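Engineer: I have a structure I would like to understand better, so I am pasting it below and will then ask my questions one at a time.
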Amino acid sequence: MNRAFFIWGRSIHPVRLLATMQRMSEISPATEQASASSKRLPGDLAIWFFIMAELVAFAVFFSAYAFTRAKHVEMFNLYQQTLDRDLGALNTLLLITGSWFIVLAVQAAHRNDQKAISRNILLGFLCGGGFLAVKVIEYSAKFGAGISMSTNTFYMFYISLTFFHFMHVILGMVILAVLWLQSRKGVYGSHDAHGLESGAAYWHMVDLLWIILFPLVYVMR
Amino acid sequence: MQYKSQAVAKPYFIAAIGLFVGQILFGLILGLQYVLGDFLFPAIPFNVARMVHTNLLIVWLLFGFMGGAYFMIPEESETELFSPKLALAMFWIFLVAGALTIVGYLTVPYATLAAMTGNNLIETMGREFLEQPLPTKLGIVVVALAFLFNLTMTMLKGKKTAISMVLMIGLWGLAVFFLFSFYNPVNVVLDKFFWWWTVHLWVEGVWELILGSFLAFVLIKTTGVDREVIEKWLYVIVTLTLISGIIGTGHHYFWIGTPEYWQWWGSIFSALEPIPFFGMTVFAFNMVNRRRREHPNKAAVLWALGTGVMAFLGAGVWGFLHTLAPVNYYTHGSQITAAHGHMAFYGAYAMVNLMMISYAMPILRGRAANSNKSQVLEMWSFWLMTIAMVFITLFLTAAGILQVWLQRVSDTPLPFMVTQDKISLFYWMREWAGVAFLIGLILYIVSFFVGGEEEKAK
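Top line first, the protein sequences correspond to chains A and B. Residue numbers are given in numbering that gives the first Met the number 0: position 48 of the first sequence equals residue 47, and the series is strictly consecutive. Residue numbers are given in numbering that gives the first Met the number 0: position 382 of the second sequence equals residue 381, and the series is strictly consecutive.
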């Protein structure tokens, strides 16, 4: 049997990277080490893999936008002025406030304030709902004017990027809804904030993406 | 074997391997026809050989998936299969329908076959990979529904694990997306658009779920790593697969008459498709490195590691090579596509089936693993087939780069057939690599008949 083991054993060794991956993937309940180490990863490692993949997807999209804009600066500047920057700013405010509420919810969990956990998650959720409502108003104005992804390259990017982000806000809200239901059952507290932190990390990502998207597409000339 | 009814997997596995041999033989015929155009003409023309080669691939993979699912679901659900008789009946129906279809392809001109089998009722034939006559297509639907019914009922009466849920979503998705093979609009753009809903959403969507859950199942069994850890990885991989794969369909919509934004959507999302495959590779190696037991079936573990690496290279890297619209503008439909297709299908789906067969067959034959002698032979077959496939891919890639250059990029582009003549050296080398692959496959089969002292579970 040794010989057989040798054959496939050899094939693994060159992959040095895996040692690192292995250390990264020690999946442990975060809360026990919460107070012990300030360097611990909040939330589950799996959600961070997922967040990294999402960020890569957006990064590719953002780069594509930037390179294409560099080739058609005048056209992009012209149509950028048709976007509603006030509504965009309002949405930025809504998402940042939403993220703030979720931070409060996590803090409340660590001091076992059950009521404050649920309340803050709900407020964060409502901010997300506000974002969607504002976005629908913005979209209906654009689509009402007959603008579509085939109108020109700028609008293709504007609709693609904002809609892709829009879907992420919806997913984030679904996650918040689950967290809210769980928090009502008293699942989260200083003994276990793992799930809450994972969901919070995702919600902050949605916020972060908008903070890049808004200046990039609406403001920067 | 923990549950008696898992035994229904055995005929499925045997049929899968039998059809696999057929696929490779037709592959060799096709490879020769690339360089000796009239080889076996008019008995087996190129278009027929190609159809048989690709259809056998799909059918043997389906047999493998079904066998794997029949083996895995009872064990995961911790209960006997709902109806082993139904499973066996479906096996024979599927096998006979499949065999008749191939006989039909080989004996009757395709147009006559279409007329004979009622293609005028619903026109579904004549499209690549979905060439099957109407009765075969209907047969596939019936078999798939009975199969899904059987497994779903088994799961409902037993335990529902994350791994079996992912498998069932994959299998239901497989059946649902096959229904688009019945939709054949006159508008050629729409035709192609929805044709990909079967073809792409199978191999770059729901099949990946089947692959992921089979891999997770075998890794749990062979490494003894906690189910919780393996399931978490599986969830991440599944999510990444769906995010990149579904909108990644757009990389087929670049030049078929769809709006221009597909060039962006398709390029961006399909560029992310290597990520879940990379995740699978890291997952497999990571779990094996952290193993808590030494499973006697080393060959199955080798296949599990191999499928991760080769799927990443074939589907991930070779897919990425030509997935961006500006690159694909030149490489579309060239030998680059063939290179990618070969390694991706082998790495992802052939190897995962071979892994499942390698793990399950000894158990179905009443032992934890085959003898050391038999496993060493099987590992030889692994390396022979895998290295042969690497060379097939490299030769086709070389052929593809030359083809694109001579025929499309150059200032004085050459006609298609002239280009084909100029790259024939690579076709010859590909054919020899194909012969090596066949030898590897024969060794794989032989390894099941090699005796020696049986390995006990440790």
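Heads up, the beta-carbon is just placed ideally off N, CA and C, and yes, glycines get one too. Since we're looking at a predicted model, the values are computed, not measured.
Roughly how many angstroms separate the alpha carbons of Asn119 (chain A) and Ile101 (chain A), rounded to a whole number?
Structural biologist: Position 120 of the first sequence, counting from 1, holds the residue named residue 119 (chain A). Position 102 of the first sequence, counting from 1, holds the residue named residue 101 (chain A). Rounded to whole angstroms, Asn119 (chain A) to Ile101 (chain A) spans 6 Å at the Cα level.
Engineer: Got a sec: is the Cβ-Cβ distance from Lys231 (chain B) to anything in chain A below 7 Å?
Structural biologist: Counting from 1 along the second sequence, the entry for residue 231 (chain B) is found at position 232. Yes, Lys231 (chain B) counts as interfacial toward chain A.
Engineer: At 7 Å on the CB atoms, spell out the chain A contacts of Phe238 (chain B), in chain order.
Structural biologist: What you label residue 238 (chain B) is simply residue 239 of the second sequence in a count that begins at 1. In the sequence as presented, Phe is not what sits at residue 238 (chain B); that position holds Thr. Phe49, listed in chain order.
Engineer: Between the alpha carbons of Thr330 (chain B) and Leu94 (chain A), how many angstroms are there, rounded?
Structural biologist: Here residue 330 (chain B) corresponds to residue number 331 of the second sequence, with the count starting at 1. Here residue 94 (chain A) corresponds to residue number 95 of the first sequence, with the count starting at 1. Thr330 (chain B) and Leu94 (chain A): Cα-Cα distance of roughly 43 Å.
Engineer: Using CA atoms only, rank isn't needed, just tell me which of B:Arg407, B:Leu200, B:Ala435 is closest to Ala387 (chain B).
Structural biologist: The residue given as residue 387 (chain B) occupies position 388 in the second sequence. The option with the nearest alpha carbon to Ala387 (chain B) is B:Ala435.
Engineer: From the DSSP output, in three-state form, read off Gly188 (chain A) for me.
Structural biologist: Start at 1 with the first residue of the first sequence, and residue 188 (chain A) comes out as number 189. The answer is strand: DSSP assigns Gly188 (chain A) an E or B state.
Engineer: Using a Cβ-Cβ distance under 7 Å, would Ala52 (chain A) count as near chain B?
Structural biologist: As a working note, residue 52 (chain A) is residue 53 in the first sequence. For Ala52 (chain A), the answer is yes, since a Cβ of chain B falls inside 7 Å of its Cβ.
Engineer: Please list, in chain order, all residues of the same chain as Thr396 (chain B) whose beta carbon is under 6 Å from its beta carbon, the five residues on each side excluded.
Structural biologist: For the purposes of this step, residue 396 (chain B) is identified with residue 397 of the second sequence, where counting begins at 1. Within the same chain, Thr396 (chain B) has close Cβ partners Ala338.
Engineer: Straight-line CA distance for Asp206 (chain A) to Ala200 (chain A)?
Structural biologist: Mapped onto the first sequence, residue 206 (chain A) falls at position 207. Mapped onto the first sequence, residue 200 (chain A) falls at position 201. The alpha-carbon atoms of Asp206 (chain A) and Ala200 (chain A) are separated by roughly 10 Å.
Engineer: Report the residues of the region 253-270 of chain B with a CB closer than 9 Å to any CB of chain C, ordered along the chain.
Structural biologist: In summary, chain C is missing from the structure at hand, where the protein chains are A and B.
Engineer: Are the region 240-252 of chain B and the region 197-210 of chain B touching, with three or more C-beta to C-beta distances below 8 Å?
Structural biologist: Yes, since at least three Cβ pairs between the region 240-252 of chain B and the region 197-210 of chain B fall closer than 8 Å, the two stretches touch.
Engineer: Met416 (chain B) to Ala68 (chain B), Cα distance in whole Å?
Structural biologist: Here residue 416 (chain B) refers to the residue found at position 417 when the second sequence is read from its first residue. Here residue 68 (chain B) refers to the residue found at position 69 when the second sequence is read from its first residue. Taking the straight line joining both Cα atoms gives about 45 Å.
Engineer: Should Glu79 (chain B) and Tyr2 (chain B) be called a contact, given that it needs their Cβ atoms to be closer than 7 Å?
Structural biologist: On the second sequence, residue 79 (chain B) is found 80 positions in, with the first residue counted as 1. On the second sequence, residue 2 (chain B) is found 3 positions in, with the first residue counted as 1. For Glu79 (chain B) and Tyr2 (chain B), yes; Cβs fall inside 7 Å.
Engineer: For the alpha helix (DSSP H) holding Ser266 (chain B), just list the boundary residues, first then last.
Structural biologist: The sequence position of residue 266 (chain B) within the second sequence is 267, counting from 1. Note, Ser266 (chain B): alpha helix (DSSP H), 260-270.
Engineer: What is the residue span of the alpha helix (DSSP H) that Asp206 (chain A) lies within?
Structural biologist: Position 207 of the first sequence holds residue 206 (chain A). Unbroken alpha helix (DSSP H) run through Asp206 (chain A): 193-212.
Engineer: If we ignore side chains and look at the alpha-carbon of each, how far apart do Phe447 (chain B) and Phe425 (chain B) end up?
Structural biologist: Against the second sequence, residue 447 (chain B) aligns to sequence position 448. Against the second sequence, residue 425 (chain B) aligns to sequence position 426. Cα to Cα, Phe447 (chain B) sits roughly 34 Å from Phe425 (chain B).
Engineer: Hey, Gly315 (chain B) and Phe253 (chain B) are a contact pair by Cβ (cut 8 Å); roughly how many whole angstroms apart?
Structural biologist: Counting from one through the second sequence, the residue named residue 315 (chain B) turns up at place 316. Counting from one through the second sequence, the residue named residue 253 (chain B) turns up at place 254. Wrong, their Cβ atoms sit about 19 Å apart, outside the cutoff.
Engineer: Report yes or no: is there a C-beta of chain A within less than 7 Å of the C-beta of Ile219 (chain B)?
Structural biologist: Position 220 of the second sequence, counting from 1, holds the residue named residue 219 (chain B). Ile219 (chain B) does not count as touching chain A.
Engineer: If you follow the alpha helix (DSSP H) that Tyr157 (chain A) is in, where does it begin and where does it stop?
Structural biologist: As a first step, residue 157 (chain A) must be located in the first sequence, where it is residue number 158. Residues 152-183.
Engineer: Under 7 Å, do Ala56 (chain A) and Leu271 (chain B) count as touching if we go by C-beta distance?
Structural biologist: Translated into positions along the first sequence, residue 56 (chain A) becomes position 57. Translated into positions along the second sequence, residue 271 (chain B) becomes position 272. In this structure, Leu271 (chain B) lies closer than 7 Å to Ala56 (chain A) by Cβ.
Engineer: Between Phe64 (chain B) and Ile209 (chain B), which are expected to be in contact by the criterion C-beta below 8 Å, what is the C-beta distance as a whole number of angstroms?
Structural biologist: Numbered from 1 along the second sequence, position 65 holds the residue referred to as residue 64 (chain B). Numbered from 1 along the second sequence, position 210 holds the residue referred to as residue 209 (chain B). Confirmed, Cβ separation roughly 6 Å.
Engineer: What is the C-beta distance between Gly123 (chain A) and Trp202 (chain A), in whole angstroms, given that I count them as a contact (C-beta under 8 Å)?
Structural biologist: Position 124 of the first sequence, counting from 1, holds the residue named residue 123 (chain A). Position 203 of the first sequence, counting from 1, holds the residue named residue 202 (chain A). That pair is a contact at about 7 Å.
Engineer: Hey, is Ile162 (chain B)'s beta-carbon within less than 7 Å of any beta-carbon in chain A?
Structural biologist: If you number the second sequence from 1, residue 162 (chain B) lands on position 163. So, not an interface residue.
Engineer: DSSP three-state label for Ala367 (chain B), please.
Structural biologist: Position 368 of the second sequence holds residue 367 (chain B). Coil.
Engineer: Answer with buried or exposed for Gln80 (chain A), where buried requires no fewer than 16 other C-beta atoms within 10 angstroms of its C-beta.
Structural biologist: Locating residue 80 (chain A) in the first sequence gives position 81, counting from the first residue. Exposed.
Engineer: Our contact map puts Met350 (chain B) next to Thr306 (chain B) with C-beta atoms below 8 Å; I'd like the distance itself, whole angstroms only.
Structural biologist: Taking the first residue of the second sequence as 1, we reach residue 350 (chain B) at position 351. Taking the first residue of the second sequence as 1, we reach residue 306 (chain B) at position 307. Going by Cβ atoms, the distance from Met350 (chain B) to Thr306 (chain B) rounds to 4 Å, so yes, they are a contact pair.
Engineer: Starting from the beta carbon of Ile274 (chain B), find every residue of chain A whose beta carbon is closer than 8 Å, and list them in chain order.
Structural biologist: Along the second sequence, one-based indexing puts residue 274 (chain B) at 275. Ordered by position in chain A, the residues that pass the 8 Å Cβ test against Ile274 (chain B) are Ala52, Val55.
Engineer: Closer than 8 Å is the cut-off here; do at least three beta carbon pairs connect the region 171-182 of chain B with the region 291-306 of chain B?
Structural biologist: The region 171-182 of chain B, when compared against the region 291-306 of chain B, does not touch it at the 8 Å Cβ threshold.
Engineer: Taking its Cβ as the centre, do 16 or more other Cβ atoms sit within 10 Å of Thr392 (chain B), making it buried, or is it exposed?
Structural biologist: Within the second sequence, residue 392 (chain B) is the residue found at index 393, counting from 1. Thr392 (chain B) is buried by the Cβ-count criterion.
Engineer: Kindly indicate which residue of B:Leu120, B:Pro132, B:Leu401 has the alpha-carbon position closest to the one of Ala98 (chain B).
Structural biologist: If you number the second sequence from 1, residue 98 (chain B) lands on position 99. It is B:Pro132.
Engineer: What would DSSP say about Pro134 (chain B), mapped onto helix, strand or coil?
Structural biologist: Your numbering for residue 134 (chain B) matches position 135 in the second sequence. If DSSP states are grouped into helix, strand and coil, Pro134 (chain B) belongs with the helices.
Engineer: Give me the residue from B:Val389, B:Phe19, B:Ser333 with the minimum Cα distance to Leu55 (chain B).
Structural biologist: In the second sequence, residue 55 (chain B) corresponds to position 56, counting from 1. If we check each option's Cα against that of Leu55 (chain B), B:Phe19 comes out closest.
Engineer: According to the Cβ coordinates, are Ala42 (chain B) and Phe25 (chain B) closer than 7 Å?
Structural biologist: What you label residue 42 (chain B) is simply residue 43 of the second sequence in a count that begins at 1. What you label residue 25 (chain B) is simply residue 26 of the second sequence in a count that begins at 1. Contact: no.
Engineer: Looking at chain A, is there any beta carbon in it that lies within less than 7 Å of the beta carbon of Val235 (chain B)?
Structural biologist: Here the question's residue 235 (chain B) lines up with position 236 in the second sequence. Yes, Val235 (chain B) lies at the interface with chain A (some Cβ there is under 7 Å from its Cβ).
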